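Numbering of the sequence shown is given in this note's numbering, commencing with residue 646 and proceeding in unit increments. Using N, Cα and C, we set each Cβ at its ideal position, and we do this for glycine too. Predicted model, so just to flag it, every value in this text is computed and none were measured.
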Amino acid sequence: MFELKQLRYFVAVAQELNFRRAAARLHITQPPLSQQMKALEEDLGVTLFLRDTHSVRLTRAGKVFLEEAQQLLTSAQRSRSLARQAEAGEVGMLSIGYSASAIFSAALSDALATLLDDRPRIELQLQGGNALDHLSSLRAGRLDAALLRADLARESAKGLRLCFLGEEPLYVFLNANHRLAATNQLFLRDLKEERLLLQPASHRTFLRRQVESLAERAEVSFPYSLEVPDITSMLCFITAGLGVAVLPASVVQVSRDLVAVPLADIDSSCPLTLVSASENPLVKELERLAQGRHLETSFSSGWVNS
Numbered sequence: 646m647f648e649l650k651q652l653r654y655f656v657a658v659a660q661e662l663n664f665r666r667a668a669a670r671l672h673i674t675q676p677p678l679s680q681q682m683k684a685l686e687e688d689l690g691v692t693l694f695l696r697d698t699h700s701v702r703l704t705r706a707g708k709v710f711l712e713e714a715q716q717l718l719t720s721a722q723r724s725r726s727l728a729r730q731a732e733a734g735e736v737g738m739l740s741i742g743y744s745a746s747a748i749f750s751a752a753l754s755d756a757l758a759t760l761l762d763d764r765p766r767i768e769l770q771l772q773g774g775n776a777l778d779h780l781s782s783l784r785a786g787r788l789d790a791a792l793l794r795a796d797l798a799r800e801s802a803k804g805l806r807l808c809f810l811g812e813e814p815l816y817v818f819l820n821a822n823h824r825l826a827a828t829n830q831l832f833l834r835d836l837k838e839e840r841l842l843l844q845p846a847s848h849r850t851f852l853r854r855q856v857e858s859l860a861e862r863a864e865v866s867f868p869y870s871l872e873v874p875d876i877t878s879m880l881c882f883i884t885a886g887l888g889v890a891v892l893p894a895s896v897v898q899v900s901r902d903l904v905a906v907p908l909a910d911i912d913s914s915c916p917l918t919l920v921s922a923s924e925n926p927l928v929k930e931l932e933r934l935a936q937g938r939h940l941e942t943s944f945s946s947g948w949v950n951s
């Protein structure tokens with residue numbers, strides 16, 4: 646089978662139609678060039694050049710092979726370039742997971758935006774889900790990294806790389822006309838008569854478990870609670886006056902016309918962490934960018950989006 650070196654030699658001869666000039670262009674002597682062209686013709690089983698003492702001409706087979714050889718060389722160069730770019734983290738695929746209550750934080754979205762601006766050829770795959778599923782996917786190699794709003798136990802994070810992005814507190818989200826809207830802070834016990842909107846228990850989210858744990862500690866139950874599939878729908882239902890919700894502070898950024906009041910119960914904040922197991926250079930760059938983005942967790946009490 647012919648080699649890429651033979652293709653480069655053939656293209657030089659085909660373009661120069663002169664073995665001496667082609668050899669000079671390739672920085673080799675003429676005898677090995679002639680030997681390589683003879684070997685190439687024998688390998689292909691065709692005559693590529695018509696030679697006489699005065700000229701060199703391409704045969705019909707040579708003209709056809711020239712087009713193919715140039716395409717093969719171009720493809721080989723592109724493959725070499727892509728491999729080098731992949732090694733440098735400039736191209737490739739990046740699979741990112743995120744938990745439902747973490748995606749509203751700008752830590753990941755801003756880092757991804759910068760990464761894609763710098764490396765527009767990256768193929769990005771995003772996957773929602775809960776922290777438990779993402780940890781399994783990270784260990785199985787199905788995800789490169791995941792942004793989790795969860796208090797990870799040492800055992801559950803064993804073997805994974807953790808990039809801590811800050812603590813994010815919980816806020817109570819209320820309709821602007823709600824009786825508690827002007828309050829500076831709220832405890833869960835203040836909401837015991839409210840219809841509390843919760844993520845479905847079947848989704849096994851850390852936020853749902855955290856709210857339930859805080860309620861158990863405060864000895865509060867919510868008989869009128871309502872499960873809502875996603876946080877965006879919760880915000881719509883709060884706007885319509887169907888209930889209240891306990892959500893991360895970052896959700897304030899997208900909660901138009903709602904009031905967000907800090908939750909004052911102890912341990913009502915949680916680490917936001919970028920978790921990874923991959924040595925993909927794109928992941929390392931994402932970690933660097935995410936750590937450089939300060940998590941915005943400071944909101945004035947009773948702040949209203951407008």
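Please say whether F749 and L920 have beta carbons closer to each other than 8 angstroms?
It should be noted that the sequence gives Val, not Leu, for residue 920. Contact: no.
Keeping to the same chain, check which residues put their C-beta closer than 6 angstroms to that of L671; ignore five residues upstream and five downstream.
A657
How big is the Cα-Cα spacing for A659 and R723?
22 angstroms
Close beta carbons around E768, own chain, < 6 angstroms, minus the five adjacent residues each side:
So the list reads M738, once near-sequence residues are dropped.
Who are F818's beta bridge partners in DSSP?
A890, A905
Answer yes or no: do I883 and N925 have a C-beta to C-beta separation smaller than 8 angstroms?
no
Alpha helix (DSSP H) runs contained entirely in the stretch 795–864, provided each spans 4 or more residues:
For the stretch 795–864, whole alpha helix (DSSP H) runs of length 4 or above, ordered along the chain, are 851–862.
So what's P677 in DSSP terms, helix, strand or just coil?
helix
Buried or exposed, going by whether 16 or more other CB atoms sit within 10 Å of the CB of A935?
buried
Need the endpoints of the beta strand (DSSP E) that F664 sits in, please.
Element bounds for F664: not the beta strand (DSSP E) but the alpha helix (DSSP H), 664–671.
Check whether the stretch 866–877 touches the stretch 830–844, taking contact to mean three or more Cβ pairs, one atom from each stretch, closer than 8 angstroms.
yes
Determine the DSSP secondary structure at I876, reduced to helix, strand or coil.
In the structure shown, I876 adopts helical secondary structure according to DSSP, grouped into three states.
Through-space distance from P907 to D763, alpha-carbon basis
37 angstroms
Relative to the C-alpha of D902, which candidate in A885, R705, P845, E686 has its C-alpha closest?
A885
Sorted by chain position, which residues of the same chain lie with C-beta nearer than 7 angstroms to T850's C-beta, five sequence neighbours on each side aside?
Around T850: S744, A745, S746, N775, Q844.
Rounded distance between the beta-carbons of C915 and E813, thought under 8 angstroms:
Their Cβ separation, rounded to whole angstroms, is 6 angstroms, which keeps E813 and C915 in contact under 8 angstroms.
Taking C-alpha atoms, which residue in V928, L831, Q681, D755 lies nearest to L805?
V928
Which residue comes first and which comes last in the alpha helix (DSSP H) that contains T759?
751–763
Proximity winner among V889, T918, I911, relative to A905 (alpha-carbon distances)
For the residues V889, T918, I911, the minimum Cα distance to A905 belongs to V889.
Which residue or residues does DSSP assign as beta-bridge partners of E648?
None; E648 has no bridge partner.
Can you name the start and end residues of the alpha helix (DSSP H) that L695 belongs to?
Counting along the chain, L695 falls outside any alpha helix (DSSP H), though it belongs to the beta strand (DSSP E) covering 694–696.
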